[in-house]
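Undergrad: Residue numbers (the working numbering), protein chains in the order written: chain A, 8 to 471; chain B, 5 to 292. Heads up, the beta-carbon is just placed ideally off N, CA and C, and yes, glycines get one too. Got a structure here, written out as structure tokens. Questions coming.
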């Protein structure tokens with residue numbers, strides 16, 4: 008009980024947010040840095056990712072190995088990339104841009120490649136039969152055929168990049184992330200709240216921008232001036248090639264001493280606990296929330312209110328919830344699981360609500376015709392009918408949470424992430440690489456296991 | 005697929021906003037290149053904490069004749085790496101970060117507060133707790149600061165071991181990330197006890213950021229050598245000299261504002277040999 012009272016008091020210390028003009032004057036710079044980093048990272052990702060995806064999509068020689076490399080890169084958590092980038096290109100936004108560019112090139116490349124591969128083959132064949140070269144097939148065939156999906160995913164990726172630019176800021180890449188970590192560790196909670204509110208607004212802004220982008224794809228061109236300007240004005244602090252190479256070389260070969268090796272299984276287990284615990288919590292929260300956010304279950308007013316709640320919990324990335332829970336619930340796996348749970352509840356809540364709204368109308372009407380009560384219709388009609396999509400989304404979330412669990416570990420939630428962070432902090436770079444490899448294997452295994460289960464159960468693929 | 009024709013004004017507005025974002029954000033950061041001075045985030049790292057140190061920055065700029073860019077990276081390691089990859093010219097390091105940076109990148113020690121040569125860590129607990137000595141820590145929960153902190157981790161850990169308490173087995177400990185967070189965690193009762201930098205603790209109590217009646221010091225370590233200002237290896241000797249002289253010339257009460265920020269009274273030359281004992285401890289504990 009004592010612990011709960013404490014947590015509550017700490018929680019209250021986050022209110023009210025500091026909205027004084029003098030503070031808002033400070034934060035505009037980090038805010039612009041965050042927008043700039045996300046735009047620049049995304050610009051690079053699109054410029055590299057689309058050609059790579061087209062290469063795969065036209066089934067050019069060796070396309071399978073390109074897919075392999077992209078999948079492998081994608082399994083490295085963004086925060087890990089940011090840590091490496093700070094070591095190699097120095098402090099500041101350049102490191103953030105580098106990390107985001109790598110992460111999103113892999114993400115955009117992989118997902119676009121899948122979309123291209125799934126494109127209808129007949130029009131492509133007829134293009135090829137005219138003797139058109141690969142490039143022409145890609146430009147006039149693949150891209151127009153899949154444009155709607157490309158735009159949907161592209162704007163989703165941009166929204167993710169905006170959140171991720173906060174994540175990479177947490178290790179010294181600048182922007183709101185750096186401010187937020189500083190504010191929380193400096194016990195400056197009201198300012199942390201201000202930053203979280205700004206972040207939520209930013210994500211909503213990007214979300215809206217994405218909606219316009221899907222209608223007017225040319226809006227995506229805004230990435231060019233914003234991204235280019237940020238890159239030009241934030242060259243790497245110094246890029247000493249020799250230093251970068253020496254540092255990089257010092258990370259190999261991956262090495263763990265006997266004691267660390269013995270502790271490894273426990274660390275991996277803790278990370279899995281965070282991931283599974285977070286997903287279960289998210290599931291428990293998401294089902295009732297989603298029911299209150301489905302138009303076919305409750306009144307539109309309730310739907311609108313609950314959806315805003317879901318938006319907020321989703322707009323705040325796991326690492327930020329993690330920072331809050333580490334100070335309120337204390338350091339350890341519980342804080343990590345809570346962080347993953349709250350963020351994932353926002354994600355799952357939205358997806359579940361859509362699944363509930365999409366259930367077949369006929370069986371529900373049949374139930375209604377029997378004179379069943381509202382609750383009974385929900386319990387015996389809507390929920391069972393949506394169980395398939397619910398399971399698919401949850402499974403994907405679990406996979407995602409394995410990755411996220413390593414990230415929240417780095418800010419004090421324990422597990423392999425914390426070990427990785429400590430090794431990096433102590434400059435035990437060979438052990439750090441060993442932990443990076445272990446993390447990577449865990450994520451890859453989770454992805455593979457997830458795919459197996461889905462295939463066995465006959466659930467179709469979906470992109471995240 | 006159908007695209008409605010895009011409105012030119014909307015497009016211009018949209019790109020204008022993002023363009024302005026891209027232009028302005030970094031401009032203010034990249035404008036002044038000159039002397040880049042970093043400080044480990046031992047008391048948090050924000051734009052505000054950088055701004056609070058403006059008198060220090062202005063003082064250094066005046067004395068060295070260069071513009072000064074003050075940077076507080078979010079963690080200790082980033083500060084060391086920044087000296088290595090030359091994204092910082094000078095930095096304020098803790099004892100442990102210094103021996104790491106010296107071993108890796110040959111950074112040169114310049115000056116330190118006279119108090120840094122005989123520095124102490126304080127062990128604190130709640131006023132009413134039953135902890136009165138290191139031995140009472142057995143089975144309790146405990147907070148260290150940053151894992152790379154000398155007075156918040158390395159030396160407290162070392163003295164606990166020396167006094168027969170093995171922190172890895174005798175108690176449950178966690179890292180809070182910095183000294184104020186440790187003090188706060190003890191004050192709030194999140195942990196039973198914690199260890200931190202004496203100068204930060206006294207400043208927190210003095211500024212009422214911590215309620216002095218709620219916490220009590222129950223152990224003070226023997227003295228050890230801690231914080232130091234360093235230059236990166238290949239920086240010119242005139243710059244190093246000017247930077248060191250700026251600190252050596254600090255006098256109370258004339259430079260009170262700057263000295264308050266530095267939590268010190270008087271600066272002296274620093275020397276690598278002072279750190280031999282600390283280096284031994286860091287090696288023995290596998291921290292470098």
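Check each candidate in 432/A, 63/A, 299/A and 409/A and name the one with the smallest Cα separation from residue 364/A.
TA: Within the first chain, numbered from 1, the residue matching residue 364/A stands at position 357. The candidate whose alpha carbon is nearest that of residue 364/A is 299/A.
Undergrad: What separation, rounded to the nearest whole angstrom, lies between the Cα atoms of residue 185/B and residue 85/A?
TA: One-based indexing of the second chain puts residue 185/B at position 181. One-based indexing of the first chain puts residue 85/A at position 78. In a straight line, the C-alpha of residue 185/B is about 26 Å away from that of residue 85/A.
Undergrad: Counting contacts by CB-CB distance shorter than 8 Å, is residue 194/A in contact with chain B?
TA: By 1-based counting over the first chain, the position of residue 194/A is 187. It does; some Cβ of chain B falls within 8 Å.
Undergrad: Please report the straight-line C-alpha distance between residue 176/A and residue 41/A, rounded to a whole angstrom.
TA: As a position in the first chain, residue 176/A is number 169, starting the count at 1. As a position in the first chain, residue 41/A is number 34, starting the count at 1. Roughly 8 Å separates the two Cα atoms.
Undergrad: On a Cα-Cα basis, can you pick out the residue from 261/A, 360/A and 212/A that is closest to residue 431/A?
TA: Numbered from its first residue, the first chain carries residue 431/A at position 424. Ranking 261/A, 360/A and 212/A by Cα distance to residue 431/A puts 261/A first.
Undergrad: Say whether chain B places a C-beta atom closer than 8 Å to the C-beta of residue 26/A.
TA: One-based indexing of the first chain puts residue 26/A at position 19. Taking Cβ atoms only, chain B never reaches closer than 8 Å to residue 26/A, which makes this a no.
Undergrad: Just verifying my parser: in three-state terms, what is the DSSP assignment at residue 235/B?
TA: As a working note, residue 235/B is residue 231 in the second chain. Residue 235/B: strand per DSSP, three-state reduction.
Undergrad: With three or more C-beta pairs closer than 8 Å as the rule, is the region 171-187 of chain B touching the region 139-155 of chain B?
TA: yes
Undergrad: So is residue 93/B in contact with chain A if we call contact Cβ pairs under 8 Å?
TA: Within the second chain, the letter at position 89 stands for residue 93/B. Interface flag for residue 93/B against chain A is unset, since no Cβ pair is found closer than 8 Å.
Undergrad: Tell me, to the nearest whole angstrom, how far the beta carbon of residue 106/A is from that of residue 14/A; I am working on the premise that it is less than 8 Å.
TA: Counted from its first residue, the first chain places residue 106/A at position 99. Counted from its first residue, the first chain places residue 14/A at position 7. The beta-carbon distance between residue 106/A and residue 14/A, rounded to whole angstroms, is 32 Å. This is too long to meet the 8 Å contact definition.
Undergrad: Compute the beta-carbon to beta-carbon distance between residue 90/B and residue 43/B, rounded to the nearest angstrom, for a pair I have assumed lies under 8 Å.
TA: Locating residue 90/B in the second chain gives position 86, counting from the first residue. Locating residue 43/B in the second chain gives position 39, counting from the first residue. That pair is no contact at about 17 Å.
Undergrad: Give the C-beta separation of residue 427/A and residue 446/A to the nearest angstrom, bearing in mind that I take them to be a contact with Cβ-Cβ under 8 Å.
TA: By one-based count along the first chain, residue 427/A stands at place 420. By one-based count along the first chain, residue 446/A stands at place 439. Residue 427/A to residue 446/A, Cβ: 6 Å. Contact.
Undergrad: What residue from 163/B, 252/B, 283/B and 260/B has the CA that sits closest to residue 274/B's CA?
TA: The residue labelled residue 274/B in the question sits at position 270 within the second chain. Out of 163/B, 252/B, 283/B and 260/B, 252/B has the C-alpha closest to the C-alpha of residue 274/B.
Undergrad: Since residue 217/A and residue 172/A are thought to touch, with beta carbons under 8 Å apart, how far apart are those beta carbons, to the nearest angstrom?
TA: Within the first chain, numbered from 1, the residue matching residue 217/A stands at position 210. Within the first chain, numbered from 1, the residue matching residue 172/A stands at position 165. At roughly 16 Å, the Cβ-Cβ gap does not stay under 8 Å, so residue 217/A and residue 172/A are not in contact.
Undergrad: Between which two residues does the alpha helix (DSSP H) containing residue 228/A stretch?
TA: In the first chain, residue 228/A corresponds to position 221, counting from 1. It is not in any alpha helix (DSSP H) - residue 228/A carries neither H nor E in the DSSP assignment.
Undergrad: If we define contact as Cβ-Cβ less than 8 Å, is residue 33/A a contact residue for chain B?
TA: If you number the first chain from 1, residue 33/A lands on position 26. Yes, residue 33/A lies at the interface with chain B (some Cβ there is under 8 Å from its Cβ).
Undergrad: Can we say the region 381-400 of chain A touches the region 249-260 of chain A, given the rule of at least three CB pairs closer than 8 Å?
TA: no
Undergrad: Could you tell me whether the Cβ of residue 434/A comes closer than 8 Å to any Cβ of chain B?
TA: As a working mapping, residue 434/A is identified with position 427 in the first chain. Yes, residue 434/A lies at the interface with chain B (some Cβ there is under 8 Å from its Cβ).
Undergrad: Is the CB of residue 308/A under 8 Å away from at least one CB in chain B?
TA: As a first step, residue 308/A is located in the first chain; it is residue number 301 there, counting from the start. Taking Cβ atoms only, chain B never reaches closer than 8 Å to residue 308/A, which makes this a no.
Undergrad: Using a threshold of 8 Å, state whether the C-beta atoms of residue 283/A and residue 418/A are closer than that.
TA: As a working note, residue 283/A is residue 276 in the first chain. As a working note, residue 418/A is residue 411 in the first chain. The answer is no: Cβ separation not under 8 Å.
Undergrad: I want to see whether chain B comes within less than 8 Å of residue 171/A, judged by CB atoms only; does it?
TA: Sequence index remark: in the first chain, residue 171/A carries index 164 (1-based). No, residue 171/A does not count as interfacial toward chain B.
Undergrad: Short of 8 Å in beta carbon distance, which residues of its chain neighbour residue 171/B, apart from the five on each side in sequence? Order them along the chain.
TA: Numbered from 1 along the second chain, position 167 holds the residue referred to as residue 171/B. Taken in chain order, the residues that qualify are 146, 161, 164, 165 and 177.
Undergrad: Quick check on residue 220/A: does DSSP put it in helix, strand or coil?
TA: Walking along the first chain from the start, residue 220/A turns up at place 213. In this structure, residue 220/A counts as helix in the three-state DSSP scheme.
Undergrad: Counting Cβ pairs closer than 8 Å, one from the region 195-207 of chain A and one from the region 338-352 of chain A, do we hit at least three?
TA: Not touching, per the Cβ criterion.
Undergrad: Using a beta-carbon distance cut-off of less than 9 Å, what residues from the region 70-92 of chain B approach chain A?
TA: The region 70-92 of chain B vs chain A, Cβ under 9 Å: 75, 76, 77, 78, 79, 80, 81, 82, 83, 84, 85, 86, 88, 89, 90, 91 and 92.
Undergrad: With 8 Å as the limit, tell me which residues of the region 164-190 of chain B have their beta carbon closer than that to any beta carbon of chain A; keep them in chain order.
TA: 178, 179, 180, 181, 182, 184, 185 and 188
Undergrad: Spell out whether any CB of chain B is found under 8 Å from the CB atom of residue 189/A.
TA: Taking the first chain and counting its residues from 1, the one referred to as residue 189/A is at position 182. Yes - at least one Cβ of chain B is within 8 Å of the one on residue 189/A.
Undergrad: Check the Cβ of residue 230/B against every Cβ in chain A and list those closer than 8 Å, keeping chain order.
TA: Here residue 230/B refers to the residue found at position 226 of the second chain. Going along chain A, no residue has its Cβ under 8 Å from residue 230/B, so there is no contact; the nearest lies around 18 Å.
Undergrad: If you draw a straight line from the C-alpha of residue 291/B to the C-alpha of residue 284/B, how long is it?
TA: For the purposes of this step, residue 291/B is identified with residue 287 of the second chain, where counting begins at 1. For the purposes of this step, residue 284/B is identified with residue 280 of the second chain, where counting begins at 1. Those two C-alpha atoms are separated by around 10 Å.
Undergrad: Under DSSP, the beta strand (DSSP E) around residue 4/B begins and ends at which residues?
TA: Limits of chain B in this structure are 5 at one end and 292 at the other, which puts residue 4/B out of reach.
Undergrad: Provide the residue(s) that pair with residue 104/B in DSSP beta bridges, ordered along the chain.
TA: Position 100 of the second chain holds residue 104/B. Partner(s): none; residue 104/B has no beta bridge.
Undergrad: With 7 Å as the C-beta to C-beta threshold (strictly closer), list the residues of the region 175-187 of chain A near chain C in chain order.
TA: Considering every chain present, this structure includes no chain C. Its protein chains are A and B.
Undergrad: For the region 208-221 of chain B, which residues have a beta carbon sitting closer than 8 Å to at least one beta carbon of chain A?
TA: 213
Undergrad: Express the C-alpha separation of residue 451/A and residue 82/A in angstroms, rounding to a whole number.
TA: Here residue 82/A is taken as the residue at index 75 of the first chain, counted from 1. Here residue 451/A is taken as the residue at index 444 of the first chain, counted from 1. In a straight line, the C-alpha of residue 82/A is about 6 Å away from that of residue 451/A.
Undergrad: CB residue 229/B to CB residue 104/B, shorter than 8 Å?
TA: The residue labelled residue 229/B in the question sits at position 225 within the second chain. The residue labelled residue 104/B in the question sits at position 100 within the second chain. The answer is no: Cβ separation not under 8 Å.
Undergrad: So which residues of chain A does residue 55/B contact, with C-beta pairs closer than 9 Å?
TA: Residue numbering aside, residue 55/B sits at position 51 when the second chain is read from its first letter. Residues of chain A passing the Cβ test: 33.
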